[in-house]
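By our numbering, the letter at position 67 of the sequence shown is numbered 51, and the numbering carries on one by one without gaps. Positions of the beta carbon are idealized from the N, C-alpha and C atoms, including for glycine. Model, not experiment: these values are computed from the prediction. Each remark here refers to the structure printed beneath this line.
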Amino acid sequence: MQLLPMLAEIMSTEAHPLRNPLAFEQFESTLLNALIYGQPNSLASGVTRERRPLAPFYVRRVEEYIRAHLQEPLTIERLSLTECGLTLHPEKSKIVYCKDRSRTQTYPNVTFTFLGFQFRPRRVLTRHGQVSTSFVPGVSPDALKRMRQVARGWRLQRQTSKSLFERAQRCNPTICGWWNYYGAFYRTAMHELSRYLDRKLVRWVRRKYKTLRRHKRCSEEWLRKMKKAYPREFAHWQYQGGQVG
-15 MQLLPMLAEI MSTEAHPLRN PLAFEQFEST LLNALIYGQP NSLASGVTRE RRPLAPFYVR
45 RVEEYIRAHL QEPLTIERLS LTECGLTLHP EKSKIVYCKD RSRTQTYPNV TFTFLGFQFR
105 PRRVLTRHGQ VSTSFVPGVS PDALKRMRQV ARGWRLQRQT SKSLFERAQR CNPTICGWWN
165 YYGAFYRTAM HELSRYLDRK LVRWVRRKYK TLRRHKRCSE EWLRKMKKAY PREFAHWQYQ
225 GGQVG
């Protein structure tokens, strides 16, 4: 099998696009499938040889193997690449059951994270306006944590010499970037970040205006009025509704 030497030769070119980490990560799944199904003693050939009455004659994809419902469950350990000198990452490489309204069985792994998105069963609205369960991506908890850390560094609640509009000009470019990327799928998951930013703004209101310093509810009401009067002032204020969750 000449795939690995060929790949090494391609990657030796400095300007080759696969040297980009993101491009190589996208290429990784293709390489993995080629390694699993392109060798004489691969898992696919073993299935067709040992379980021919129970499995398709030629297994081309992992999905077809799973649909065959063999007696021995498919595990990461069976996808061994030691013959190629490769190992699978124990956390990033796992078999996940895409649980939704039509797949309701119980399996240990029903979620995975990729490029800052967590894929898992979520409640969504169908085209008919009904609540259902679907396996969709949304911003991951780790990504939310990183965004909160960045927002904490802005120290919104302490800069009382600035006006609310000056605060918005400072934060909006970053907030827009977050929403444009992580809000592309299941925006409901991003509402946690919006609530966090609003809590920081409420603390800013209480510090800036002496009459509101001891009145948290009045400060929250003041901010709600500002959101109603200027709904596009902060980037996260204009994103409302979306899927349920």
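(request) Give the secondary structure of R104 by DSSP, where H, G and I count as helix, E and B as strand, and everything else as coil. (result) What you label residue 104 is simply residue 120 of the sequence shown in a count that begins at 1. In the structure shown, R104 sits in a strand (DSSP, three-state: E or B).
(message) Could you tell me which whole beta strand (DSSP E) segments of length 3 or greater appear in the segment 79 to 124?
(response) 96 to 98, 101 to 109 and 115 to 123
(request) Starting from the C-beta of G167, find all residues in its chain whose C-beta is less than 6 Å away, skip the five residues before and the five after it, and write them out in chain order. (result) Here residue 167 refers to the residue found at position 183 when the sequence shown is read from its first residue. For G167, where only same-chain residues beyond five positions count, the Cβ hits under 6 Å are M174.
(request) Could you please give the first and the last residue of the uninterrupted alpha helix (DSSP H) stretch that includes E176? (result) Here the question's residue 176 lines up with position 192 in the sequence shown. Unbroken alpha helix (DSSP H) run through E176: H175 to K192.
(message) Whether or not the segment 142 to 154 and the segment 184 to 199 are in contact is what I'm after, with contact meaning three or more pairs of Cβ atoms, one per stretch, closer than 8 Å; do they touch?
(response) yes
(message) According to DSSP, simplified to helix, strand and coil, what is P215?
(response) For this step, residue 215 is matched to residue 231 along the sequence shown. If DSSP states are grouped into helix, strand and coil, P215 belongs with coil.
(request) Compare the C-beta of H175 against all C-beta atoms of chain D and say whether one is closer than 8 Å. (result) This model lacks chain D altogether, as it is built from one protein chain only.
(request) Compute the Euclidean distance between the alpha carbons of K209 and P215, then round it to the nearest angstrom. (result) Numbered from its first residue, the sequence shown carries residue 209 at position 225. Numbered from its first residue, the sequence shown carries residue 215 at position 231. Roughly 10 Å separates the two Cα atoms.
(message) Buried or exposed, going by whether 16 or more other CB atoms sit within 10 Å of the CB of G282?
(response) The question about residue 282 has no answer here: the residues shown for the chain are numbered -15 through 229.
(request) For the alpha helix (DSSP H) holding G161, just list the boundary residues, first then last. (result) Along the sequence shown, one-based indexing puts residue 161 at 177. It spans L148 to Y166 - the alpha helix (DSSP H) in which G161 sits, taken as one unbroken run.
(message) If you reduce the DSSP assignment to three classes, tell me which class T144 lands in.
(response) Within the sequence shown, numbered from 1, the residue matching residue 144 stands at position 160. Three-state result, T144: coil.
(request) Can you tell me which of the three DSSP states R198 falls into? (result) Counting from one through the sequence shown, the residue named residue 198 turns up at place 214. Here R198 sits in coil by DSSP.
(message) Using only the alpha-carbon positions, how far apart do R235 and G100 sit?
(response) Residue 235 is absent from the model: the chain starts at -15 and stops at 229.
(request) Report buried or exposed for A213, applying the criterion of at least 16 other Cβ atoms within 10 angstroms of its Cβ. (result) Counting from one through the sequence shown, the residue named residue 213 turns up at place 229. A213 is exposed by the Cβ-count criterion.
(request) Go ahead and label K200 buried or exposed: buried means 16 or more other beta carbons lie within 10 angstroms of its beta carbon, across all protein chains shown. (result) Here residue 200 refers to the residue found at position 216 of the sequence shown. Per the 10 Å Cβ criterion, exposed.
(request) Tell me whether R132 sits in a helix, a strand or coil according to DSSP, three-state version. (result) Here residue 132 refers to the residue found at position 148 when the sequence shown is read from its first residue. In this structure, R132 counts as helix in the three-state DSSP scheme.
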